[in-house]
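Numbering-wise, UniProt numbering puts 368 at position 368 of the sequence shown, and it's gapless, one number per residue.
Cβ atoms here follow ideal geometry from the backbone N, Cα and C, with glycine treated the same way.
Bear in mind the structure is a predicted one, so any value in this text is a computation, not a measurement.
Structure first, commentary second.
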Amino acid sequence: MRSPRLRLAALWPRSVAGQIALLIVAAMVVTHAVATLAFFTLREPWRPDDHPGVAATRIATVARLLDATAPDARDALLHAAARSLPTLRLAPWPDSAAAGTVSEALKTHSVVRRVRDGFGRPLAMADLAASETPPGIRVGIVTPAGARFSALVPDDERPPIRQGAIVVTFLFLAVALSLVTVWAARALTRPLARLAQAAEAFGTRMNVVALPENGPQEVVAVAQALDRMRARVRRLVDDRTQMLAAISHDLRTPITRLRLRAEFLEDDHTRTMTLRDLDQMNGLVETALSFVRDGQTGGEGSATLIDVASLVQTVSDAFADVGADVRVAATRHVLVRGRPEELQRAVTNLVDNAVKYGGGARLHITQAEHRVVVAVWDDGPGIPEAEREAMLQPFVRGDRARNLDTASGFGLGLSIVAAIAEAHDGRLILENRRPRGLAARLELPLAATAARPAPERMAAE
């Protein structure tokens, strides 16, 4: 025997279309139910004879007619009105009858107030007796002209419908339905948001984010397909990485043998050219291995707090020791969380490109909201805007000549920097400077702990 909750879950539609349709129908049903409840709660009786407003208007009309009629014709008019309006129990109220009392209940009675408002002038009224069938209060009425009669006022204390109450009721209905609809829509689209988050995380940092396992059928189907695609892409990337690492590693041995053989060449020019080609081949192998090692980072265990100023200064000193024009123009002591070797490799690649293509580098460290920016400036030719995105891809070089001369690289430096930045939840931005030059901005998130407060110092240019 299934529980009521399980039976209710079995009736819940599994598709997005079914859930949206159910949401719309439920909103319409609730709207009509609340509107109907408000109508029956605020409405007055449907029968005209039982309608308090109608009874009050008729009594006021009879009072006006009797007040305007000559005294000798009032009895006949009242008799005719009594026949036409039996529910009002109209009858003469002679002067000799008991005077009656004017109670507080009569003064505040809603129907009595309507009679007085309908008459338009002061109207004397007094309690005579109560009636149980039909329910009401028999009152004696004296008009300003002296016409006297009694009538049965419906004992209905319900006040007239106020437009404000109707407006407030439907305003509350609209707000409540809006809140419920927004909540239901968010609950319906939450699996889609989780699916988009997982896809975005996989596309940037290759992090494994849990895919939604429940929700509409379409979302579950897309999540399962994305999970299978993610596994295939990971296998493809792993196979490519392993193949590149194996080829690069195995090429080291034949390159070493060729270098040893080249040393015995008698022709100096041939020996020099051969050794140069072997050096470039060895550089390509080392760069490819670095790309495999640094470009596919993602380990979390080795992340530590790093002082960006110290790291940048270390890189700058290393280049300055070999005679390169590299200086730190602006620095700031801030902390980031990451892997020191990878971040040092990223800054080194940027400075190496600046020295290679711009003749020198100026490093600037600035702190923005929740992030630190390491900018490397050079005075080189820059990169055309149409080619900046491609320059972040592996084996894409900025120089037009494809021959491997001594000044060319292998197109992996910027791709390694971009991969390291993404692995640290940061990004690499390339911008041209004016009038010439390139600014490479490595943006990294600040560590959760507070950075060491140190004033920004400017190094002498």
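In or out: residue i buried (at least 16 other Cβ within 10 Å) or exposed?
i: I24; result: exposed
i: N349; result: buried
i: T143; result: buried
i: F172; result: exposed
i: H370; result: exposed
i: R400; result: Only weak support is given to the placement of R400: the predicted model assigns it a pLDDT of 45, under 50, and the value that follows is read from those uncertain coordinates. Under this definition R400 is an exposed residue.
i: R441; result: buried
i: F319; result: buried
i: P154; result: buried
i: I95; result: Sequence check: residue 95 is Asp here, not Ile. Exposed: under 16 other Cβ atoms inside 10 Å.
i: L179; result: exposed
i: S15; result: exposed
i: R228; result: exposed
i: F149; result: buried
i: A413; result: Going by the sequence as given, residue 413 is Gly instead of Ala. By the 10 Å Cβ count, G413 comes out buried.
i: M125; result: buried
i: A76; result: exposed
i: G415; result: The residue you asked about is not Gly; residue 415 is Ser in the sequence shown. S415 is buried by the Cβ-count criterion.
i: M391; result: buried
i: A454; result: Bear in mind that a pLDDT of 41 at A454, under 50, signals an unreliable position, so the number given afterwards is only what the model happens to contain. Exposed: under 16 other Cβ atoms inside 10 Å.
i: A407; result: Note that A407 scores a pLDDT of 44, beneath 50, so its modelled location is shaky and nothing firm can be said.
i: A423; result: buried
i: R74; result: buried
i: A223; result: buried
i: H109; result: buried
i: G323; result: exposed
Closest to residue i by CA distance: which of the options is it?
i: P340; options: L428, G360, A303 and V351; result: A303
i: L289; options: G426, I306, L251 and F264; result: L251
i: G359; options: D325, P135, V62 and F40; result: D325
i: P191; options: N214, A60, V351 and R148; result: N214
i: G380; options: L88, I59, R113 and N432; result: N432
i: A354; options: M273, D425 and L438; result: L438
i: T256; options: V168, D307, V285 and A225; result: V285
i: V111; options: P52, A221 and L78; result: P52
i: L128; options: R121, G426 and A151; result: A151
i: T274; options: A174, T253 and R259; result: R259
i: H249; options: A346, G283 and H269; result: G283
i: R194; options: A187, L211, R388 and A185; result: L211
i: Q19; options: T87, E218, K356 and H109; result: E218
i: A26; options: A185, H424 and I416; result: A185
i: A176; options: V417, Y357, L428 and T31; result: T31
i: A346; options: D321, F40 and I420; result: I420
i: I383; options: I416, D425, A423 and L430; result: L430
i: L428; options: R436, V417, P435 and R434; result: V417
i: V113; options: A60, D267, A196 and R271; result: Reading off the sequence shown, one finds Arg at residue 113, where the question assumed Val. Answer by Cα proximity: A60.
i: R434; options: D378, V237, R83 and T189; result: D378
i: Y357; options: R436, D321 and R234; result: R436
So, does the CB of residue i fall closer than 9 angstroms to a CB anywhere in chain C?
i: V220; result: Note that chain C does not occur in the displayed structure, where there is just one protein chain.
With distances taken between CB atoms, is the gap from residue i to residue j smaller than 9 angstroms?
i: A56; j: G118; result: yes
i: W93; j: I141; result: yes
i: P216; j: R337; result: no
i: V34; j: T181; result: no
i: A447; j: L343; result: no
i: V351; j: E443; result: no
i: S316; j: V308; result: no
i: A81; j: V62; result: yes
i: A201; j: L226; result: no
i: L66; j: L85; result: no
i: A361; j: V376; result: yes
i: G120; j: R64; result: yes
Pull up the CB-CB distance for residue i and residue j, whole angstroms please, since I reckon it's below 8 angstroms.
i: R89; j: R58; result: Not quite, the Cβ-Cβ distance comes to about 12 angstroms (not below 8 angstroms), so this is no contact.
i: V374; j: V312; result: 6 angstroms
i: L123; j: R116; result: 5 angstroms
Please confirm whether any heavy atom of the ligand NAD lies closer than 8 angstroms to the CB of residue i.
i: L177; result: Looking for the ligand NAD in the displayed structure turns up nothing, as the structure carries no ligands at all.
Validate contact between the region 363 to 373 and the region 328 to 340 using beta carbons, cut 8 angstroms, 3 pairs: Counting C-beta pairs with one atom in each stretch, the region 363 to 373 and the region 328 to 340 have three or more that are closer than 8 angstroms, which means they touch.
State whether the region 238 to 245 contacts the region 259 to 277, with contact taken as three or more CB pairs (one from each stretch) at a distance under 8 angstroms. They do not touch, by the three-pair rule.
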